[in-house]
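>
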Amino acid sequence: MAYETLIVEVEDYVSLIRLNRPDALNALNSKLMKELSAALQAANRDDNVRVIVVTGSEKAFAAGADVREMSEKSFTDVYFDNLFGVESEIIARVRKPIIAAVSGYCLGGGCELAMLCDFIIAADTAKFGQPEINLGIVAGMGGTQRLTRFVGKSKSMDMHLTGRFMDAAEAERCGLVSRVFPAKDLMAEVMKIAQKIVEKSLLSSMAVKECVNRAQETSLAEGLLFERRMFHAMFATEDQKEGMAAFLEKRQPQFRDK
Ligand code: COA
C-alpha cells in the first residue's frame, strides 16, 4: 500500500516504518496518524513481519502533534473527533514488538509515539521533551502517564512543567531509552537488534510483550499471576520443546511459531 506521509519497507521479517513529513519535522497530523495506525495494523497481520521499527529522519523522529492543524480547533472539534484517542489505542494494541529508533527531535506527540512503542533506541543526537505547556495545553497521547512510568514523578513533572528538552545521555540514565548509539550507526544497530528478535519464536516475543506491559497496567499480584500463566502456557508449544532440546543438544534452535 502506498502512503503519503510514511515510507514502509519489509525486509528480512522487519517492517521499517519511516515517518516522512520532512517539511514539518514529521509533525503528527491526522493523515500521518491514520496512515501510521493502518501501517502498524498491516504489519501486525503480515506473516512476513516479526518485528516492527518506527523511525523518523536524522533531524527529527517527530517534533510533536501538528500545531498548524490543531491551532484553529475548538474543544468540541477535538472532543467529538476524540483527537489522538482512536489511533493511539490502535497502536497500543499492536501485538508484535515495536522498536522506536529515535534521532533528533522527539517532542510532544513524537515522544508519546516513541513511548507507545515497546522500547526506544536513540541516536546521541536525540532530544526528548513534552513542551505542550509552552502552547498552553497539556500532553494528550499518554505523555503524563507513560513518561511518569518510565522516569518517575519528579523528572516527569520537571519535563512537563518546564517544557525543557532531555538529551540522549539523560534519557538513557533515567530509563526512557534502552540504548544510545552514534547517529551514523543508529539504523544499522537497530536492524541488528531487530534481527535478534526475528530469530526468536514469535509466540515467545508476543508473550513477552503482553507480560511486560502488564507490569505497567496492573497490580504486582495480577501481573505476576498473568506472567506465571503465560509461562505455563508456553509449555503447550512446539517451540518450547525445540528451544530446550536445542540447548541440551548444544545447537541453535529452529523455531516454527508453533
Ligand atoms: N507542528 C507543525 N509544524 C511544525 C512542528 C509542529 N509540532 N514542529 C516543527 N514544525 C515545522 C515548523 O513550523 C517549520 O515549518 P516552516 O518551515 O513552514 O516554518 C518546520 O517544521 C521546521 O521547523 P523550525 O521550527 O523552523 O526548525 P528549528 O530547527 O528552528 O526548531 C524545533 C526545531 C523542534 C525546536 C521547533 O520546530 C519546535 O519547537 N517545534 C514545536 C515543538 C512542540 O511544541 N511540540 C509539541 C506539539 S504538541
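As numbered in the numbering used here, residues 1415 to 1672 make up the sequence shown, in order.
Just so it is clear, CB atoms sit at the ideal spot from N, CA and C, and this is done for glycine as well.
Source: prediction; values computed, not measured.
1. My guess is that L1600 and A1515 are in contact by the Cβ rule of under 8 Å, so how many angstroms apart are they, rounded?
2. Answer yes or no: do A1506 and V1594 have a C-beta to C-beta separation smaller than 8 Å?
3. Quick check on the DSSP output: what are the complete alpha helix (DSSP H) runs of length 4 or more inside the segment 1520-1549, in order along the chain?
4. What first and last residue would you give for the beta strand (DSSP E) that runs through I1466?
5. In whole angstroms, what is the alpha-carbon distance linking S1570 and R1464?
6. Pairing CB atoms from the segment 1578-1591 with CB atoms from the segment 1535-1552, are three or more of them under 8 Å?
7. Determine the DSSP secondary structure at V1591, reduced to helix, strand or coil.
8. Return helix, strand or coil for M1415, following the three-state DSSP convention.
9. When you get a sec, list the residues whose CB is within less than 7 Å of any heavy atom of ligand 1, chain order please.
10. Under the assumption that L1521 contacts G1478 (Cβ atoms under 8 Å), give the Cβ distance between them as a whole number of angstroms.
11. Less than 6 Å between C-beta atoms, sequence neighbours within five positions excluded: which residues of the same chain meet that for N1548?
12. Helix, strand or coil for R1432, going by three-state DSSP, please let me know.
13. Under 8 Å: do the segment 1653-1662 and the segment 1611-1623 share three or more Cβ pairs, one atom per stretch?
14. Verify whether the separation of the beta carbon atoms of M1648 and S1618 is less than 8 Å.
15. May I ask you to list the residues that DSSP assigns as paired with G1518?
16. Let's test the definition: count the other Cβ atoms within 10 Å of the Cβ of A1457 and tell me whether it reaches 16, buried, or not, exposed.
17. For D1437 and E1631, I'd like the C-alpha separation in whole angstroms.
18. For L1561, which option in G1550, T1539 and C1531 has the closest C-alpha, if you only look at C-alpha atoms?
19. Quick one: Cα of L1575 to Cα of E1526, how far?
20. What did DSSP end up calling A1650 once you bin it into helix, strand or coil?
21. I need the boundaries of the alpha helix (DSSP H) containing I1505, first residue and last residue.
22. M1580 lies in the beta strand (DSSP E); which residues open and close that run?
Here's the rundown:
1. 6 Å
2. No; because the gap between Cβ atoms is not below 8 Å, this pair is not in contact.
3. 1523-1530
4. V1465 to T1469
5. Rounded to whole angstroms, S1570 to R1464 spans 32 Å at the Cα level.
6. yes
7. coil
8. coil
9. D1437, A1438, L1439, A1441, A1474, A1477, G1478, A1479, D1480, V1481, R1482, Y1519, L1521, G1522, G1523, P1545, E1546, N1548, L1549 and I1551
10. Between G1478 and L1521 the Cβ distance is about 5 Å, and since that is below 8 Å, they are a contact.
11. G1577
12. strand
13. yes
14. yes
15. Note: G1518 sits in a beta bridge opposite A1474.
16. buried
17. Going from the Cα of D1437 to the Cα of E1631 covers about 37 Å.
18. C1531
19. Taken atom to atom, the span from the alpha-carbon of L1575 to that of E1526 is near 16 Å.
20. coil
21. DSSP places I1505 inside the alpha helix (DSSP H), whose first and last residues are G1499 to A1506.
22. F1579 to D1581 is the extent of the beta strand (DSSP E) around M1580.
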